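Have a look at the structure below before the remarks.
Chains as they are written, first to last, in the working numbering: chain A, 162 to 323; chain B, 27 to 785.
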């Protein structure tokens, strides 16, 4: 068994510490050490986006980040998107727009879409499609996902201006 | 871009059907709470890793596991010696049958490996890294054999032989010499020669199609706990908990009743998660180690060692009169079945001419073993390959005759009374309605301008089956209902099933609490597949609603002091001459005294739901690179009755996009050693959001007389037309007729060059 090191981070706004071996990815650590199984393993080599989490404000494929690398950093996972008991606009729009079928890609899309809309809530269809090209979905054909993201963006822009 | 999504309206006829409630499992799925199999954590759970063959075809001379067993942290190691011998018996799994000896052999190889990725050993350890390290310490001595990876090559007399005991089965007889050809099928009707003589124009083409994978984002995963009382609990990513249970019990040779399968939330299946791969391995490792064992497949193993759809060679010849009536059709199909016999040739042969009335027809098909993973169902298995050929030839024939392709399809469309070449006569079906909807659609009537742009159209058919489902409906004290069922929910069926019960009882969708439960907690239910779930399990929910109404009518009669014949059901309300009560009012009243209310129903409809569809696509071709851009796409399909239109649209859009990937980029690249060189999502190129426009949908409702609400299965048909529709569009854009899938940039570019040189 490899030697484990202590890593101190902030996850979803709360301080969190865990032990991990050098060879463990952030994806593995989040799922096994912190119990946050929302991010999913689809390919383990950065090609599907199912493992997307926010790291210091940027969306990353957590399968391509080592657990040890996040010492002192801030992580947000899909579990931290809803505030208390209220779903975020992106989550609500996914539900109302039927933008998921099997749901396995949904956590990754929600994290990536929220990151995109936080920067640019009125992003165009093409901009959204480009920014989300790293998140694969095999069930929906993307149509309803893109519509849900656009609707969420509109709502987020209205909330900011009102 | 205009969105033409015709709202499947309730016409005032239904309260709940045709509406779009938020799905019952939605909150879990958008917050990361939903539990998929890899998320399951059992106490003291160990992790497994599977060692697989690097060779496409080889004899196993020896396996030495000693170094693996000695590694710190390793809990158990297994090889095929740890699995019981399974006889060459065929088991009926509901949607198709399986040879159990082959199934067991595929789970873990015995004397030979038949494809790269074939499992040879497995290890359980305290974590997955140590399990992998240990697996790589296992020494396997192989004697490599020549391999074959293209269907026509595997049919040759001198091809490497995969099975010494496989004799071609043809018309009930078996061949004398062993070969790689497992099955030969032949369907005929009318007089083929006469039919072609009557034709004024004939087109014949040959098509080649590469192996393609279902591409679900969630890899196969299991957790198995072989308990000390001999009971085996399996958590699995599966489309069918009951078939998973049956297959696992057979391979392990334990009584069926000792195995419980818990279907976790599933991240896509499309037909690829019906056969088992990991369950027996995790089970034996669990028995040997005394701990639950979790195994999750690596992505490259998903490509190399599960069940892709067949690569194929198809030749189609069609003849028609000058006023556009088809007179004859001939098809020759060779479908790969992969490492073992038993594949998708049957449906391919049945579907190849299924959209048309062709009085004189001959279909000849062969199923061939070769050194690739054993093929499995992929959404309308076998039909897409056949449709690529037929729909391409239809387009070319229409052009030769100078007839509009849509009119050509309408003129020959299958309808009630048309006899399919394999025998069945269609009841009422909706192809004509789909073609009519295409003809009046905004897409078909819009102008497509610009260089290297073209429009294509193609149709498709899938049977849609019935099979068995069970449901139980327990009424709560407040009149809401817990509905337990056994159909894994891959695409929102929990909700479409609940809506059917809500409709019959006069309740809202949110008054029903649908739960997908394990094999201990519900009656037998066949797979979520075959486009059957909303149809059959929905029918069961409807019937369970009727069962509750019968019980409640009896009880109300006592309560209201009248005869049960005096009580009518009107929109779910119980009405007598003097009293009326809603479901909830009566249920809460009945809860106060007397037995609890539990309704039940089981169904086994023995029919096809006959799903037809037509797709229209506009493309633009980059002549310098061969890259195809999809400008506009419309899916038209007969759903019979769209229970939840958003999820019907979802099936249409998702299936179409899988078909677009199949058409333009997806294929298994095999090198000369039979190794797949692109076993990753990077190089096995599925469509991304950036590759596509919105996918418009038009839902046609030609009601199915075999369902109380007219439902037809919709899930599979959408994947059938896209490759041909796109090939037809490419032809109209460039003049190039593509005969090979995928029509990837290098292939299309080469064909464009050859076409230009030829001119």
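From the three backbone atoms N, C-alpha and C, an ideal C-beta is built for every residue, glycine too.
This one's a predicted model, so the numbers in the text were calculated from it and none came from an experiment.
Could you spell out the range, first to last residue, of the alpha helix (DSSP H) harbouring residue 482 of chain B?
-> Here residue 482 of chain B is taken as the residue at index 456 of the second chain, counted from 1. Unbroken run through residue 482 of chain B is the beta strand (DSSP E), 479-488; no alpha helix (DSSP H).
Inter-residue Cα distance where the pair is residue 238 of chain B and residue 687 of chain B | Working through the second chain from its first residue, we reach residue 238 of chain B at position 212. Working through the second chain from its first residue, we reach residue 687 of chain B at position 661. Taking the straight line joining both Cα atoms gives about 9 Å.
Please check if any C-beta of chain B sits within less than 8 Å of the C-beta of residue 305 of chain A.
-> Reading the first chain from its first residue, position 144 is the one you call residue 305 of chain A. By this cut-off, residue 305 of chain A is an interface position.
Could you check the C-alpha separation between residue 320 of chain A and residue 314 of chain A for me, to the nearest Å?
-> By one-based count along the first chain, residue 320 of chain A stands at place 159. By one-based count along the first chain, residue 314 of chain A stands at place 153. Residue 320 of chain A and residue 314 of chain A: Cα-Cα distance of roughly 10 Å.
Just the chain A side, please: which residues come within less than 7 Å of residue 155 of chain B by C-beta, in chain order?
-> The count along the second chain starts at 1 and reaches residue 155 of chain B at position 129. 184, listed in chain order.
Please classify residue 156 of chain B: does DSSP put it in a helix, a strand, or coil?
-> For the purposes of this step, residue 156 of chain B is identified with residue 130 of the second chain, where counting begins at 1. Looking at residue 156 of chain B - three-state DSSP - the assignment turns out to be helix.
Should the stretch 692-706 of chain B be called in touch with the stretch 228-237 of chain B, which here means at least 3 C-beta pairs below 8 Å?
-> yes
Check the C-beta distance from residue 255 of chain A over to residue 271 of chain A and give it rounded, since I have them as a contact under 8 Å.
-> As a working mapping, residue 255 of chain A is identified with position 94 in the first chain. As a working mapping, residue 271 of chain A is identified with position 110 in the first chain. So it is a contact: roughly 7 Å between Cβ atoms.
Going along chain B, which residues have a C-beta under 9 Å from residue 248 of chain A?
-> Looking up residue 248 of chain A in the first chain gives position 87. Ordered by position in chain B, the residues that pass the 9 Å Cβ test against residue 248 of chain A are 53, 56 and 57.
Verify the CB distance criterion: does residue 672 of chain B have a CB-CB separation below 8 Å to chain A?
-> Working through the second chain from its first residue, we reach residue 672 of chain B at position 646. Yes, its Cβ sits closer than 8 Å to a Cβ of chain A.
Helix, strand or coil at residue 181 of chain A according to DSSP, with G and I counted as helix | If you number the first chain from 1, residue 181 of chain A lands on position 20. Three-state result, residue 181 of chain A: strand.
With a cut-off of 8 Å, does the C-beta of residue 266 of chain A fall near any C-beta of chain B?
-> Residue mapping note: residue 266 of chain A aligns to position 105 of the first chain, counting from 1. Chain B, which has a Cβ nearer than 8 Å to the Cβ of residue 266 of chain A, makes this yes.
Quick one: is residue 438 of chain B buried, meaning 16 or more other Cβ sit within 10 Å of its Cβ, or exposed?
-> Numbered from its first residue, the second chain carries residue 438 of chain B at position 412. So residue 438 of chain B ends up on the buried side.
Could you please give me the residues that DSSP links to residue 311 of chain A through a beta bridge?
-> On the first chain, position 150 is the one that residue 311 of chain A refers to. Its beta-bridge partners do not exist; DSSP assigns none.
Within-8 Å CB hit, residue 179 of chain A to chain B = Here residue 179 of chain A refers to the residue found at position 18 when the first chain is read from its first residue. Taking Cβ atoms only, chain B never reaches closer than 8 Å to residue 179 of chain A, which makes this a no.
Is the beta carbon of residue 750 of chain B less than 8 Å from the beta carbon of residue 354 of chain B?
-> Within the second chain, numbered from 1, the residue matching residue 750 of chain B stands at position 724. Within the second chain, numbered from 1, the residue matching residue 354 of chain B stands at position 328. Not closer than 8 Å, so no.
Does the Cβ of residue 533 of chain B have 16 or more other Cβ atoms within 10 Å, making it buried, or fewer, making it exposed?
-> As a first step, residue 533 of chain B must be located in the second chain, where it is residue number 507. Residue 533 of chain B is buried by the Cβ-count criterion.
Would you say residue 201 of chain A faces chain B, with C-beta separation under 8 Å as the test?
-> In the first chain, counting from the first residue as 1, residue 201 of chain A sits at position 40. Chain B contact via Cβ: present.
At which residues does the beta strand (DSSP E) containing residue 636 of chain B begin and terminate?
-> By one-based count along the second chain, residue 636 of chain B stands at place 610. Neither: residue 636 of chain B is in no beta strand (DSSP E) and is coded neither H nor E.
Rounded C-alpha distance that separates residue 31 of chain B from residue 302 of chain A = Residue 31 of chain B sits at position 5 when you count from the first residue of the second chain. Residue 302 of chain A sits at position 141 when you count from the first residue of the first chain. Because residue 31 of chain B carries a pLDDT of 35, less than 50, the predicted location of this residue cannot be relied on, and no value is offered for it.
Enclosing alpha helix (DSSP H) for residue 427 of chain B [first to last residue] | For the purposes of this step, residue 427 of chain B is taken as the residue at position 401 of the second chain. 409-427 is the span of the alpha helix (DSSP H), which, as asked, contains residue 427 of chain B.
Which ranges would you report for the alpha helix (DSSP H) in the stretch 711-768 of chain B if only whole runs of at least 4 residues count?
-> 748-760
Is residue 222 of chain A close to chain B, meaning its C-beta is less than 8 Å from at least one C-beta of that chain?
-> Locating residue 222 of chain A in the first chain gives position 61, counting from the first residue. Judged by the 8 Å Cβ criterion, residue 222 of chain A is not in contact with chain B.
Residue 704 of chain B by DSSP, collapsed to three states: which one?
-> The count along the second chain starts at 1 and reaches residue 704 of chain B at position 678. Residue 704 of chain B: coil per DSSP, three-state reduction.
Residues of chain B with CB under 7 Å from residue 240 of chain A, in chain order?
-> Counting from 1 along the first chain, the entry for residue 240 of chain A is found at position 79. Going along chain B in sequence order, the residues near residue 240 of chain A (Cβ under 7 Å) are 57 and 58.
Residue 288 of chain A CB to nearest chain B CB: under 8 Å?
-> Counting from 1 along the first chain, the entry for residue 288 of chain A is found at position 127. So, not an interface residue.
Minimum C-alpha distance to residue 539 of chain B - residue among B:502, B:81 and B:177 = For this step, residue 539 of chain B is matched to residue 513 along the second chain. Of the listed residues, the one whose Cα sits closest to residue 539 of chain B is B:502.
So, residue 170 of chain A versus residue 226 of chain A, is the Cβ gap smaller than 8 Å?
-> Position 9 of the first chain, counted from the first residue, corresponds to residue 170 of chain A. Position 65 of the first chain, counted from the first residue, corresponds to residue 226 of chain A. No, these two residues do not count as a Cβ contact at 8 Å.
Cross-chain neighbours of residue 708 of chain B in chain A, by beta carbon under 8 Å | Numbered from 1 along the second chain, position 682 holds the residue referred to as residue 708 of chain B. Residues of chain A passing the Cβ test: 206 and 208.
Closer than 7 Å by beta-carbon distance: list the chain B residues that pair up with residue 243 of chain A, in chain order.
-> By one-based count along the first chain, residue 243 of chain A stands at place 82. The contacting residues are 57.
For chain B, is any of its Cβ atoms less than 8 Å away from the one on residue 212 of chain A?
-> The sequence position of residue 212 of chain A within the first chain is 51, counting from 1. Not closer than 8 Å to any Cβ of chain B, the Cβ of residue 212 of chain A fails to qualify, so no.
If you scan the stretch 96-137 of chain B from start to end, which runs of the beta strand (DSSP E) of 3 or more residues do you find wholly inside it?
-> 100-104, 116-118 and 123-125
Cβ-Cβ separation, residue 606 of chain B to residue 464 of chain B (assumed contact under 8 Å), whole Å = Here residue 464 of chain B refers to the residue found at position 438 when the second chain is read from its first residue. Here residue 606 of chain B refers to the residue found at position 580 when the second chain is read from its first residue. Their Cβ separation, rounded to whole angstroms, is 47 Å, which puts residue 464 of chain B and residue 606 of chain B out of contact at 8 Å.
Contact list for residue 273 of chain A against chain B, beta-carbon separation under 9 Å | As a working mapping, residue 273 of chain A is identified with position 112 in the first chain. Under the 9 Å cutoff, chain B gives no residues; its nearest Cβ is about 10 Å from residue 273 of chain A.
Out of curiosity, what's the CA-to-CA distance linking residue 757 of chain B and residue 348 of chain B?
-> Taking the first residue of the second chain as 1, we reach residue 757 of chain B at position 731. Taking the first residue of the second chain as 1, we reach residue 348 of chain B at position 322. Roughly 22 Å separates the two Cα atoms.
With a cut-off of 8 Å, does the C-beta of residue 555 of chain B fall near any C-beta of chain A?
-> For the purposes of this step, residue 555 of chain B is identified with residue 529 of the second chain, where counting begins at 1. No, because no Cβ of chain A sits closer than 8 Å to the Cβ of residue 555 of chain B.
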